[in-house]
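Participant: Before we start, here is the structure in question, set down as structure tokens.
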Amino acid sequence: MADLLEVSALTKRFGGLVAVNNVSFSVREKEILSVIGPNGAGKSTLFKLISSFLRPTSGQVRLKGERISDLAPHIAARKGVVRTFQETTIFKNMSVRENVIIAHHLRSTASLIGFFLGTSTAKADEAAFGASADDILELLGLSSLAGEIARNLPHGHLRALGIAIGLATNPSILLLDEPFAGMNHDETMRMVAMVKRLRELGLTILLVEHDMPAVMKISDRIVVLNFGEKIAEGTPAQIQNNDKVIEAYLGSEDEAIGL
Amino acid sequence: MTHNVKIASVAAFLAIVFIAVPVLISASGRTDLYYTLTSVALLSIASAGVWLTFYIGRINIGQGAYALMGGYVSAILVVTYGWSFWLTLPAAGLFCAAASVAIGLPILRLRGVYFAMVTLVLTEVARLLALALPVTNGAKGMVSIPLPGALSAFGLIIIPDFATLHNSRLAFYLLAAALMVACFAVVYRLVHSRIGKLCQSLQQNEELASSIGVNIAYLRVIAYAVSSFFGGVAGAIFAAISQSIYPSSFTVTDSVNFMLNCFLGGLGYVFGPMLGTLVLYFGWDLLFQTGQFQLLIYSTLMIVLMLFLPNGLLSLAATTRKKG
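Protein sequence lines correspond, in order, to chains A and B. In this text, residue positions in the first sequence follow this note's numbering: the first is 103, and each later residue adds one. In this text, residue positions in the second sequence follow this note's numbering: the first is 71, and each later residue adds one.
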């Protein structure tokens with residue numbers, strides 16, 4: 103399988119703090135790759151670097167060979183790298199369906215003036231977005247909530263809506279920021295199934311996550327960060343038996359209990 | 071609202087503005103009302119611009135700057151360069167739109183109270199510029215601006231020379247009302263097209279909007295430019311009516327009023343600024359009879375209205391419609 107996304111020697115400094123230090127890895131087409139690490143390992147920074155919400159101090163991110171770091175976020179999205187948000191970031195005062203329809207923005211063929219004048223291209227766009235939004239809502243089990251104002255949705259559905267918004271942009275690679283955070287076991291298992299389903303549909307997924315059992319279940323490969331550096335990369339089985347990883351996760355606790 | 075109801079209410083509104091009002095005024099002989107209603111129409115155009123910036127999630131207290139700018143652009147082009155008023159009208163709007171792109175690119179990155187403060191300062195900067203620039207004639211202002219001349223195309227006179235008219239007040243009223251209708255039609259269409267949804271997405275979450283590929287900087291500047299265009303056009307007509315413009319023609323108070331018009335009418339309703347302007351303008355005049363208590367009563371009423379009707383006067387109509 104070919105490499106879709108390539109992260110090479112990525113470094114981000116905030117003043118004296120090196121949040122991400124010389125990290126390299128690549129994401130293959132149609133794989134689910136998870137980035138894990140203890141708190142403060144630099145996962146979120148890495149995530150923002152890949153989605154172009156932050157600019158790297160050095161190093162770069164390439165999508166299909168084309169450099170996407172240093173671009174504005176909306177241009178990176180246009181190239182096919184789209185993120186979801188850790189918080190329940192949605193358009194609160196729009197209905198669920200409107201949220202997904204507006205997220206089809208990148209697929210519009212009509213210009214802003216076309217939409218203003220209501221040209222036939224604009225009308226065709228609107229109809230296509232509506233139909234596609236209904237499909238996406240169906241896929242994520244949100245159909246029955248389509249007319250609901252987004253801010254009234256329960257937590258689990260909000261996360262699904264976040265993913266629906268991401269899907270609507272038709273990404274090459276979808277970046278999920280802690281998709282299982284704050285979920286109970288059942289919700290997590292449902293989300294795991296949903297993410298696997300997305301991969302079956304041909305999507306490539308990179309996720310940043312805390313929840314180890316879910317990550318082990320879902321990932322094809324895992325990249326482990328600690329103190330901003332990559333300390334391991336491999337399949338879930340390899341990662342579980344990697345000494346450096348065990349040390350990173352357990353080492354501090356061992357000290358704390360005096361071993 | 072069904073399609074037919076919409077068409078009927080638009081027709082009724084147009085009939086009131088263009089037929090009923092002139093007929094009633096000529097029957098009652100209160101021609102001074104023309105000036106009042108013209109002012110309301112023009113102020114509501116400027117307020118519609120402010121409303122549009124609210125719609126992208128920015129508190130705009132700087133519309134006075136563009137109204138002043140538009141007034142001066144029109145006045146200078148007419149007086150100094152001998153342009154026809156009818157050409158200066160779009161020129162004033164476009165000049166303000168261009169200026170707002172240059173100003174907006176840096177300041178629209180600010181949000182909330184920071185953007186509000188900068189726009190507040192903008193009005194003051196515009197006044198000081200008008201005082202200082204050689205082309206604006208300083209504190210003396212531009213006076214004796216000729217009335218709008220005739221507008222003709224292909225030998226046909228579309229609009230007659232205002233100076234030859236028996237009743238130029240009516241002519242100005244019709245001009246202002248027509249422009250108001252056009253401006254609100256544009257805003258209505260903007261809001262009800264996909265552009266409106268994009269603006270809402272900016273208002274609700276800019277980060278998410280950019281993550282789905284919306285060029286937020288571009289969209290913000292476009293909305294601000296349209297807003298300033300409205301301000302400039304309104305200012306230009308004001309200068310033509312009063313046949314003069316001074317650095318103090320539009321001040322911070324005006325900028326604040328444009329914003330209050332939007333609040334009063336309702337930020338969630340396209341026609342909010344129109345109703346807000348009408349109520350605020352006439353409300354202020356009615357309170358004139360209370361003499362020294364005018365400002366006190368006025369501000370108390372405003373506070374009470376904001377407390378009990380945070381979504382503006384039009385939210386009253388919306389709730390009764392829902393209940394009924």
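By construction, the Cβ of each residue, glycine as well, lies at the ideal position given by its N, Cα and C atoms. On a predicted model such as this, the values are computed, not experimentally measured, just so you know.
Hey, is residue 184(A)'s beta-carbon within less than 8 angstroms of any beta-carbon in chain B?
Facilitator: It does: the Cβ of residue 184(A) has a partner Cβ on chain B nearer than 8 angstroms.
Participant: Can you confirm whether the segment 227 to 240 of chain B touches the segment 282 to 291 of chain B when touching is taken to mean that 3 or more C-beta pairs between the two stretches lie within less than 8 angstroms?
Facilitator: Inter-segment contact for the segment 282 to 291 of chain B and the segment 227 to 240 of chain B is absent: fewer than three beta-carbon pairs are separated by less than 8 angstroms.
Participant: In chain B, which residues lie less than 8 angstroms from residue 269(A) when you measure between Cβ atoms?
Facilitator: Going along chain B, no residue has its Cβ under 8 angstroms from residue 269(A), so there is no contact; the nearest lies around 10 angstroms.
Participant: Along the chain, where does the beta strand (DSSP E) that runs through residue 102(B) open and close?
Facilitator: Residue 102(B) -> not in any beta strand (DSSP E); alpha helix (DSSP H) instead, spanning 102 to 125.
Participant: Determine the DSSP secondary structure at residue 149(B), reduced to helix, strand or coil.
Facilitator: helix
Participant: Who are the near neighbours of residue 130(B) in its chain, counting only those whose CB is closer than 6 angstroms to its CB and skipping five residues on each side?
Facilitator: The beta carbon of residue 130(B) lies closer than 6 angstroms to those of 120, 123, 189 in the same chain, with the five residues before and after it left out.
Participant: Tell me whether residue 151(B) is buried or exposed, calling it buried when 16 or more other Cβ atoms sit within 10 Å of its Cβ.
Facilitator: exposed
Participant: Compute the beta-carbon to beta-carbon distance between residue 209(A) and residue 272(A), rounded to the nearest angstrom, for a pair I have assumed lies under 8 angstroms.
Facilitator: 6 angstroms
Participant: With a threshold of 8 angstroms between beta-carbons, can residue 127(A) be considered close to chain B, or not?
Facilitator: no
Participant: Please state the DSSP three-state secondary structure of residue 185(A).
Facilitator: strand
Participant: What does DSSP give as the partner residue(s) for residue 273(B) in the beta ladder?
Facilitator: Per DSSP, none; premise fails for residue 273(B).
Participant: Can you name the residues that DSSP bridges to residue 315(B)?
Facilitator: Answer by DSSP bridge pairing, in chain order: 212(B).
Participant: What are the partner residues of residue 130(A), as DSSP defines its beta bridges?
Facilitator: 105(A)
Participant: Applying a beta-carbon distance threshold of less than 8 angstroms, which residues of chain A neighbour residue 278(B)?
Facilitator: 187, 191, 192, 193, 267
Participant: What do you get for residue 439(B), buried or exposed, if any count of 16 or more other CB atoms within 10 angstroms of its CB means buried?
Facilitator: With chain B covering only 71 through 394, there is no way to say anything about residue 439(B).
Participant: Report the three-state DSSP secondary structure of residue 331(A) (helix, strand or coil).
Facilitator: strand
Participant: Let's test the definition: count the other Cβ atoms within 10 Å of the Cβ of residue 225(A) and tell me whether it reaches 16, buried, or not, exposed.
Facilitator: exposed
Participant: By DSSP, does residue 181(B) sit in helix, in strand, or in coil?
Facilitator: coil
Participant: Could you give the DSSP three-state label for residue 315(A): helix, strand or coil?
Facilitator: helix
Participant: Cβ closer than 8 angstroms: which chain A residues qualify as neighbours of residue 263(B)?
Facilitator: 217, 218, 220, 224
Participant: Does the contact criterion of 3 or more C-beta pairs under 8 angstroms hold for the segment 361 to 377 of chain B versus the segment 149 to 166 of chain B?
Facilitator: As far as the Cβ criterion goes, the segment 361 to 377 of chain B does not touch the segment 149 to 166 of chain B, which means the pair count is below three.
Participant: By a C-beta neighbour count over all protein chains shown, 10 Å radius and 16 as the cutoff for buried, is residue 293(A) buried or exposed?
Facilitator: buried
Participant: Given a threshold of 16 other Cβ atoms within 10 Å of its Cβ, counted over all protein chains shown, does residue 126(A) qualify as buried or as exposed?
Facilitator: exposed
Participant: Check each residue of the segment 128 to 150 of chain B: if its Cβ is closer than 9 angstroms to any Cβ of chain A, include it; give the result in chain order.
Facilitator: none
Participant: Quick one: using the 10 Å Cβ neighbour count with 16 as the cut-off for buried, is residue 342(A) buried or exposed?
Facilitator: exposed
Participant: Could you please give the first and the last residue of the uninterrupted alpha helix (DSSP H) stretch that includes residue 326(B)?
Facilitator: 322 to 335
Participant: Evaluate contact between the segment 249 to 263 of chain A and the segment 229 to 238 of chain A, counting only Cβ atoms and requiring at least three cross-stretch pairs below 8 angstroms.
Facilitator: no
Participant: Would you mind telling me which residues of chain A sit closer than 7 angstroms to residue 179(B), beta carbon to beta carbon, in chain order?
Facilitator: Ordered by position in chain A, no residue passes the 7 angstroms Cβ test against residue 179(B), which lies about 13 angstroms from the chain.
Participant: I'd like to know if the segment 268 to 288 of chain A and the segment 165 to 182 of chain A are in contact, where contact means that at least 3 CB-CB pairs between them fall below 8 angstroms.
Facilitator: Of all C-beta pairs linking the segment 268 to 288 of chain A to the segment 165 to 182 of chain A, three or more are shorter than 8 angstroms, placing the two stretches in contact.
Participant: If you measure between the beta carbons of residue 170(A) and residue 317(A), is that distance less than 8 angstroms?
Facilitator: no
Participant: Spatial neighbours of residue 316(B) within its chain, please: CB distance less than 7 angstroms, with the 5 preceding and 5 following residues excluded, ordered by chain position.
Facilitator: 211
Participant: Within the continuous beta strand (DSSP E) that includes residue 310(A), where are the two ends?
Facilitator: Unbroken beta strand (DSSP E) run through residue 310(A): 306 to 310.
Participant: To the nearest angstrom, report how far apart residue 331(A) and residue 143(A) are at their CA atoms.
Facilitator: 8 angstroms
Participant: Measure the C-alpha to C-alpha separation of residue 224(B) and residue 102(B) and round it to an integer number of angstroms.
Facilitator: The alpha-carbon atoms of residue 224(B) and residue 102(B) are separated by roughly 35 angstroms.
Participant: Which same chain residues, not among the five before or five after residue 236(B), have their C-beta less than 6 angstroms away from its C-beta?
Facilitator: none
Participant: If you compare alpha carbons, which of 289(B), 324(B), 81(B), 378(B) is closest to residue 301(B)?
Facilitator: Comparing Cα-Cα distances from residue 301(B) to each of 289(B), 324(B), 81(B), 378(B), the minimum goes to 324(B).
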